[in-house]
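Structure record follows, encoded as structure tokens.
Number of protein chains: 2
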Amino acid sequence: MVNVAVMGYGTVGSGVVKVILDNNDIVSKNAGDKVNLKYVLDIRDFPGDPAEKVITHDFNDILNDPEVDIVVETMGGTGAAYKFTKAALEAGKSVCTSNKELVAAYGLELLQTAKEHNANYLFEASCGGGIPIIRPLMTSITGDEILEITGIVNGTTNYILTQMGECGMDFDEALKGAQANGFAELHPEADIEGYDPCRKIAILSEIAYGKAVDYNDIYTEGITKITADDIKYAKSLGAAIKLLASSVKTDKGYEIMVAPYLVGPESPLYSVNGVFNAVFVKGDMLGDSMFYGSGAGSLPTASAVVGDVVDLAKHLGTNIMKIWDEEKLPLVPHDEAVNCFFIRVNEADKEKAAAAFAGAKEVKAVVDGEAAFITGPMKECEFAAKVNEVPVISCIRSRLA
Amino acid sequence: MVNVAVMGYGTVGSGVVKVILDNNDIVSKNAGDKVNLKYVLDIRDFPGDPAEKVITHDFNDILNDPEVDIVVETMGGTGAAYKFTKAALEAGKSVCTSNKELVAAYGLELLQTAKEHNANYLFEASCGGGIPIIRPLMTSITGDEILEITGIVNGTTNYILTQMGECGMDFDEALKGAQANGFAELHPEADIEGYDPCRKIAILSEIAYGKAVDYNDIYTEGITKITADDIKYAKSLGAAIKLLASSVKTDKGYEIMVAPYLVGPESPLYSVNGVFNAVFVKGDMLGDSMFYGSGAGSLPTASAVVGDVVDLAKHLGTNIMKIWDEEKLPLVPHDEAVNCFFIRVNEADKEKAAAAFAGAKEVKAVVDGEAAFITGPMKECEFAAKVNEVPVISCIRSRLA
């Protein structure tokens, strides 16, 4: 018997309990041993709930119980979650989590702690919800040099952008709708400002490239400035606007960035809509691949967490995780990163813009009194300098062919 | 040092050698030990080739060399490939392969042989080329009951159907083009008649559901009857025609089938074009997911094979594969399987068709003198009986919403 404790009985934690209880035969068969839910840690009580009898309010019940082999951390944050995870690993218990803040901030340290104690720290659910992506990067795409990872890894912003595209709404209206439908939080900054995908691309880059990435070093732009008119232009170009978290190997280092982009139908990311997520991976041998699925939600995320529980159960007492180096991944400074840009200007500034962005391709204006262009590849600092010369109505990075 | 022998120096085998040699640092780091190419078995010589010095013409050189830990079988077929694989496993060497014929025909036996000798038999590259799908099913989606697997798992037919869609060609012309471009073989029956995807969906079903599937029991229909007019109708319906290899859990057992279907843009499979492959997986907790990438080609397939080599190197002396039961998976007899059907009839037969397929929805005819319908869900035997009453010009199964 393998005993599991779940810490935090919120959206994901309750999903984990449901998967372990409802699919116990499947989970136990795959784990090679009976998987038993022994504790659920929460400050609340849950009378009448399936977890009622195993609820504890004291982490020490879990820590000091030698029968607990696996701890699931679905508390979120970097306070108690860090303290409890660290203590559990030091006690030789394996831990898995859906907590990307914690992994992005303390992942390397916790992986090392796990290794020192012959335990494991797994976090498949921290990126892309239910989508298997971390384990495939660790155990399948192992003959390739990875050249690029680009993800739509935030369901809230993808839902908002999809709604804007389908209904012609402005951002504020779409955000309110997302909040009303439970797809955005009351305090949605972590999503709409891109902080959440920033942490996820940091984690994915560390795994893919084997060196440390500080998410504070990643240029991050959210979707709050995208307007209904921008979407109109995107459609007229046969494109969609997507918040991409991307990490690309270049001659000068790695360009990691979170920002909205125009994406065309030749990209498999173009048709990733609503709350779905997808991670595009390019290997030097494999070529293009993509992993698609539910990026959030209680049960899909729990599915990934329980996948980790099964893996932990199969590897009790053996360390299996690839650990990245403490050395920092060499990043291209944001100013030096190269992008193409879609820009809208007032018709009066058309000549000026054409001169400033020499070689830019003019595209059809779909708002009266405007002109629009897509520039060739240019450095971010060059673009910023030009925008000082020519006032632009809006600009969005472009991956259109 | 881990010593590897590659058997068969054709398209995939030469790719495997290239990945092992060109990415040796990455491969060795991921394997945790230096990966050394010790032999390449082929009947030919390759003067001036990177493999020249390790070529052998005698399988016994590999079999009798105790230093060879891992054997890569990229010979194809079920003759010598079977004999050599079996002998290597019996000698305690681990084997990996891209050979779906062999896995579909002898997979269970070879997995058991591997287990008896503390070795492993891996075949990630047998389904979906470079796409990681078998390992994710084995090691990631382990908390779910899998409810459906539907794949576009044959690049040749997907390329032909994509060409027909883009250029309005008829099947014969598109096939000739595919042959000229190297995307179809001179004897293309295994692809265009669906035999290849049939073997792949058998393997994927065995892994997902844990019971044996004889590919001879799977109803298999190719794409040879699809015409330019069918494609015209598909487009008018906003749909694409895709050769789907599908395996769906129903109340009455598993419906496994290979056949062309109308697929709409609400399906993530709709935008899988050209030689790309994708496998859609639905779990009871995970919901919808999809794995997308290069389904064929020397290097993408080799990437998957070398992923297996790394996994084998990490697990020498330990059996890691989940083995399915000898007991057969209960299949729904083809006659009892339920589908919707798109049908074209002569305008003169319109009333008759409307009466026979009561409840079918009429759709716009795009060929003069015709009428067209999409039926509701009906049993294959019922549909076959109706087609005896009403002569149809063509019929294609439909997954349109």
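Protein sequences appear in the order of chains A and B. Taken in order, the first sequence gives residues 1 to 401; the numbers are from the working numbering. Taken in order, the second sequence gives residues 402 to 802; the numbers are from the working numbering. By construction, the Cβ of each residue, glycine as well, lies at the ideal position given by its N, Cα and C atoms.
For residue i versus residue j, is the C-beta spacing smaller than 8 Å?
i, j, result
"residue 593 of chain B", "residue 558 of chain B", "yes"
"residue 326 of chain A", "residue 212 of chain A", "yes"
"residue 377 of chain A", "residue 533 of chain B", "no"
"residue 295 of chain A", "residue 277 of chain A", "yes"
"residue 190 of chain A", "residue 160 of chain A", "no"
"residue 386 of chain A", "residue 336 of chain A", "no"
"residue 801 of chain B", "residue 665 of chain B", "yes"
"residue 73 of chain A", "residue 7 of chain A", "yes"
"residue 770 of chain B", "residue 286 of chain A", "no"
"residue 772 of chain B", "residue 766 of chain B", "yes"
"residue 589 of chain B", "residue 627 of chain B", "no"
"residue 452 of chain B", "residue 410 of chain B", "yes"
"residue 750 of chain B", "residue 791 of chain B", "yes"
"residue 301 of chain A", "residue 98 of chain A", "yes"
"residue 764 of chain B", "residue 638 of chain B", "yes"
"residue 545 of chain B", "residue 652 of chain B", "no"
"residue 706 of chain B", "residue 417 of chain B", "yes"
"residue 272 of chain A", "residue 152 of chain A", "yes"
"residue 512 of chain B", "residue 724 of chain B", "yes"
Identify whether residue i lies in helix, strand or coil by the three-state DSSP scheme.
i, result
"residue 528 of chain B", "coil"
"residue 628 of chain B", "coil"
"residue 219 of chain A", "strand"
"residue 634 of chain B", "helix"
"residue 56 of chain A", "strand"
"residue 241 of chain A", "strand"
"residue 357 of chain A", "coil"
"residue 494 of chain B", "coil"
"residue 684 of chain B", "strand"
"residue 181 of chain A", "coil"
In chain order, what residues of the same chain lie with their CB nearer than 6 Å to the CB of residue i, ignoring the 5 residues before and after it?
i, result
"residue 515 of chain B", "490, 521, 522"
"residue 597 of chain B", "555, 591"
"residue 683 of chain B", "548, 549, 689"
"residue 745 of chain B", "771, 773, 794, 795"
"residue 709 of chain B", "497, 523, 525"
"residue 404 of chain B", "437, 439, 468, 469, 470"
"residue 630 of chain B", "768"
"residue 231 of chain A", "164, 165"
"residue 40 of chain A", "6, 9, 51, 54, 55"
"residue 623 of chain B", "593, 594, 595"
Whole angstroms is fine: what's the gap from residue i's alpha carbon to residue j's?
i, j, result
"residue 255 of chain A", "residue 182 of chain A", "33 Å"
"residue 180 of chain A", "residue 170 of chain A", "16 Å"
"residue 361 of chain A", "residue 735 of chain B", "55 Å"
"residue 57 of chain A", "residue 45 of chain A", "9 Å"
"residue 396 of chain A", "residue 262 of chain A", "7 Å"
"residue 71 of chain A", "residue 741 of chain B", "47 Å"
"residue 713 of chain B", "residue 435 of chain B", "13 Å"
"residue 25 of chain A", "residue 487 of chain B", "33 Å"
"residue 220 of chain A", "residue 243 of chain A", "10 Å"
"residue 618 of chain B", "residue 732 of chain B", "8 Å"
"residue 799 of chain B", "residue 241 of chain A", "31 Å"
"residue 210 of chain A", "residue 118 of chain A", "21 Å"
"residue 719 of chain B", "residue 484 of chain B", "23 Å"
Excluding five sequence neighbours on each side, which residues of the same chain lie with their C-beta closer than 7 Å to the C-beta of residue i?
i, result
"residue 415 of chain B", "699"
Rank the options by C-alpha distance to the C-alpha of residue i and give the top, closest one.
i, options, result
"residue 356 of chain A", "A:367, A:369, A:382", "A:382"
"residue 91 of chain A", "A:116, A:9, A:216", "A:116"
"residue 141 of chain A", "A:208, A:112, A:97", "A:208"
"residue 257 of chain A", "A:95, A:78, A:203", "A:203"
"residue 437 of chain B", "B:766, B:422, B:676", "B:422"
"residue 320 of chain A", "B:722, B:723, B:724, B:716", "B:716"
"residue 290 of chain A", "A:165, A:177, A:268", "A:268"
"residue 407 of chain A", "A:354, A:27, A:235, A:134", "With chain A covering 1 to 401 only, the question about residue 407 of chain A has no answer from this structure."
"residue 245 of chain A", "A:199, A:16, A:5", "A:199"
"residue 23 of chain A", "A:303, A:176, A:65", "A:303"
"residue 505 of chain B", "B:528, B:485, B:494, B:495", "B:528"
"residue 478 of chain B", "B:575, B:502, B:667, B:462", "B:502"
"residue 634 of chain B", "B:466, B:775, B:623, B:667", "B:775"
Once you ignore the five residues that flank residue i on each side, which residues in its own chain have a CB closer than 8 Å to its CB?
i, result
"residue 205 of chain A", "149, 213, 247, 254, 256, 329"
"residue 275 of chain A", "155, 156, 158, 159, 183, 294, 295, 296, 297"
"residue 428 of chain B", "420, 421, 436, 707, 710, 711"
Is the shortest distance between the beta-carbon of residue i and the beta-carbons of chain E less than 8 Å?
i, result
"residue 546 of chain B", "In the structure shown, chain E cannot be found, because the protein chains are A and B."
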